[in-house]
Amino acid sequence: TAAEALAFDRAATLFRTALEQRPPGGEPERALRVGLADALANAGRCLEAAREYQRAAVGADDGQVLDLERRAAFQYTVSGHATEGREAFGKVLGVMGIEPPSTPRRALVHLLFNRGRLWLRGLSFTPRDPGQIPAADLLRIDTLRNVAIGASMFDPVIGRDFQTRSTIDSLRAGEPGRIALALAWEAVHSACDGIPARRQTARYLSTARAIADRTGQAHALGMAAMAEGGVACLEGRFREAVQRGDEAEKILRERCTGVTWELDTTHNFALWSLRFAGDLAPLRGRLTGLFQEAKVRGDLYAEATRGTYIAMLAALPSGETEEAREQMRQLMAH
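Residue numbers 8 to 341, in our numbering, belong to the letters of the sequence shown in order.
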């Protein structure tokens, strides 16, 4: 909500004040800067958060640098700053020894290979607490998931390849929360394959939902509901998609922090579903507030997805098409 965003903005102001009042350098400054970045991320100011994570990474030890650069890269990509995100992710993947496919053909071959691995492996796992899993393994899983989400916005083949890798590694590690997150997004990718994949999509989705319900983790529950809305949209069940999206938004807003991408994606599926259902009046009502919110946050991804295709359709009933065209031209110029 606006009140929650304001609270995080105030927290960010306090962190900035604290940074100004102490000598630069050392772990105390790094801790304050990470706190500032977290507050900005929670407020949905992803670009500012990414820059602060990178500032905090300067002079940190190797483990800290990787984690902070990963967080920065994720915030860059989910807010539409793909060039900066690619560069930051490239550093992290290079250190971790993970090499993205160098050509579209290799990316497709790699994806098909990993899809086969997942099919042969299945979805079984041995549940383990995070404390039982090496920190390096958890960092690898989180990095693969972040790359999968970020890359999906500008390279869906590489995005899906990394998504499959993250699902396989999550199942191997056995941490239920990460498995639920991986399988929920896996279900949305699967739904993109259409009717032939419906049975497999349902399997991913039901497993993610069961794990989320069992653990009670808010992020997993919100992600499962978001995925249910996304799958319903992609399978043509538009009224259900809007309902599930509203449920996901409630969980994500009230019980989670740092979920700007999840909220953006939830809103997009709901907006697309309203458009496909022909409900242009409620579409316009929702779009106005969401577009302004994205603009205030400097979220290029949300601005572009809402201010182009959807905004053009929402403008039709009122005849404000020229205004919508101008808005689209300005957005695409960024």
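All C-beta atoms in this analysis are idealised placements derived from N, C-alpha and C, irrespective of residue type, glycine included. Since the model is a prediction, treat every value here as computed from it, not as a measurement.
>> Tell me the DSSP secondary structure of Asp74 in three-state form.
In response: DSSP places Asp74 within a helical segment (H, G or I) once states are collapsed to three.
>> Can you tell me whether Ala9 is helix, strand or coil according to DSSP?
In response: Note that Ala9 has pLDDT 48, beneath the 50 cutoff, so the model's placement of it is unreliable and the number below is only indicative. DSSP places Ala9 in helix when its eight states are reduced to three.
>> For a test of the three-state rule: what should DSSP assign to Pro203, helix, strand or coil?
In response: In the structure shown, Pro203 sits in a helix (DSSP, three-state: H, G or I).
> How big is the Cα-Cα spacing for Leu21 and Phe81?
Replying inline: Looking at the two C-alpha atoms, the distance is approximately 24 Å.
>> With distance defined between alpha-carbon atoms, name the residue in Thr110, Leu151, Cys199, Ala50 nearest to Arg172.
In response: Cα-wise, what sits closest to Arg172 is Leu151.
> With 16 other CB atoms within 10 Å as the buried threshold, where does Thr328 fall?
Replying inline: Around the CB of Thr328, fewer than 16 other CB atoms lie within 10 Å, so the residue is classed as exposed.
> Would you call Val85 buried or exposed, if buried means 16 or more other Cβ atoms sit within 10 Å of its Cβ?
Replying inline: Label assigned to Val85: buried.
> Skipping 5 residues on each side, what residues in its chain have a beta carbon closer than 7 Å to that of Gly166?
Replying inline: Setting aside the 5 residues that flank it on each side, Gly166 is surrounded in the same chain by Ala155, Ala158, Ser159, each with a C-beta closer than 7 Å to its C-beta; the list follows chain order.
> Going along the chain, which residues of its own chain have a beta-carbon closer than 8 Å to the beta-carbon of Leu281, five neighbours each way excluded?
Replying inline: In the same chain as Leu281, and ignoring 5 residues on each side of it, the C-beta atoms closer than 8 Å to its own belong to Phe245, Val249, Leu287, Pro289, Leu290, Arg293, in chain order.
> At what residue ranges does the stretch 10-83 contain a whole run of the alpha helix (DSSP H), taking only runs of 4 or more?
Replying inline: Counting whole runs of 4 or more residues, the stretch 10-83 contains the alpha helix (DSSP H) stretches 33-49, 53-64.
> If we ignore side chains and look at the alpha-carbon of each, how far apart do Glu269 and Leu188 end up?
Replying inline: Computed Cα separation, rounded: 11 Å.
> Between Ala50, Pro35, Ala239, His226, which lies nearest to Arg262 when the distance is taken from Cα to Cα?
Replying inline: Distances from the alpha-carbon of Arg262 to those of Ala50, Pro35, Ala239, His226 put His226 closest.
>> Along the chain, where does the alpha helix (DSSP H) containing Met160 start, and where does it finish?
In response: First-last for Met160: undefined, no H or E at that position.
> Who are the near neighbours of Thr273 in its chain, counting only those whose CB is closer than 6 Å to its CB and skipping five residues on each side?
Replying inline: Counting only Cβ-Cβ distances below 6 Å, and skipping sequence neighbours, we find Met233, Gly252, Ala255, Glu256.
> Applying the criterion that 16 or more other CB atoms from any shown protein chain within 10 Å of the CB defines a buried residue, is Gly326 buried or exposed?
Replying inline: Around the beta carbon of Gly326, a 10 Å sphere encloses fewer than 16 other beta carbons of the protein chains shown; the residue is thus reported as exposed.
> Pick from Tyr308, Arg313, Glu330: whose alpha carbon is nearest that of Gly51?
Replying inline: With distances taken between Cα atoms, Gly51 lies closest to Tyr308.
> Since Glu269 is in the alpha helix (DSSP H), which residue starts that stretch and which ends it?
Replying inline: Residues 267-284.
> By a C-beta neighbour count over all protein chains shown, 10 Å radius and 16 as the cutoff for buried, is Gly123 buried or exposed?
Replying inline: The Cβ neighbour count for Gly123, taken over all protein chains shown within 10 Å, is under 16; the residue is labelled exposed.
> In chain order, what residues of the same chain have a beta carbon less than 8 Å from the beta carbon of Ala142, not counting five sequence neighbours either side?
Replying inline: Non-local beta-carbon contacts of Ala142 in its own chain, meaning distances under 8 Å to residues more than five positions away in sequence, involve Gly70 in chain order.
> Which whole runs of the alpha helix (DSSP H) in the stretch 103-190 are 4 residues long or more, in chain order?
Replying inline: Whole alpha helix (DSSP H) segments, 4+ residues: 111-128, 142-159, 163-180.
> Based on Cα-Cα distance, which residue from Thr315, Ala46, Glu247, Thr312 lies nearest to Phe15?
Replying inline: Nearest C-alpha to Phe15: Ala46.
>> Quick check on the DSSP output: the alpha helix (DSSP H) that includes Leu287 runs from which residue to which?
In response: Secondary structure note for Leu287: its alpha helix (DSSP H) is the uninterrupted segment 287-304.
>> Considering only the alpha carbon of each residue, which of Asn153, Gly285, Leu75, Ser131 lies closest to Gly181?
In response: Closest option to Gly181, Cα to Cα, is Ser131.
>> Using the three-state DSSP reduction, which class does Leu241 fall into: helix, strand or coil?
In response: DSSP places Leu241 in the helix class (H, G or I) of the three-state scheme.
> Skipping 5 residues on each side, what residues in its chain have a beta carbon closer than 8 Å to that of Asp271?
Replying inline: Cβ-Cβ distances below 8 Å link Asp271 to Val85, Ala301, Asp306, Tyr308, Ala309, Thr312 in the same chain, with the five nearest sequence neighbours on each side left out; the list follows chain order.
> Who are the near neighbours of Arg304 in its chain, counting only those whose CB is closer than 6 Å to its CB and skipping five residues on each side?
Replying inline: Same-chain partners within the cutoff: Gly51, Arg52.
> Do you know offhand how far Gln334's Cα is from Ala277's?
Replying inline: Put simply, the backbone Cα of Gln334 is about 22 Å away from that of Ala277.
> Any idea if Arg332 is buried or exposed, counting beta-carbon neighbours within 10 angstroms, 16 or more meaning buried?
Replying inline: So Arg332 counts as exposed.
>> Judging by CA-CA distance, which residue of Ile258, Ala318, Tyr60, Thr264 is the nearest neighbour of Asn275?
In response: That would be Ala318, whose Cα lies nearest to the Cα of Asn275.
>> Here's the rule I'm using: 16 or more other beta-carbon atoms within 10 Å means buried, otherwise exposed. How should Gly104 be labelled?
In response: Exposed.
> In this structure, does DSSP put Gln334 in helix, strand or coil?
Replying inline: Helix, per DSSP.
> Looking at Thr208 and Ala238, is the spacing between their C-beta atoms short of 8 Å?
Replying inline: Looking at the sequence shown, residue 238 is not Ala but Val. Yes, the pair counts as a contact, with Cβ atoms nearer than the cut-off.
> Should Pro183 be labelled buried (16 or more other beta-carbon atoms within 10 Å of its own) or exposed?
Replying inline: That one is buried.
> So Thr312 is in the alpha helix (DSSP H); what residue range does that whole segment cover?
Replying inline: Element bounds for Thr312: 307-312.
>> Can you list, in chain order, the residues of its chain with a C-beta nearer than 6 Å to that of Arg216? Leave out the 5 residues immediately preceding and following it.
In response: So the list reads Ala231, once near-sequence residues are dropped.
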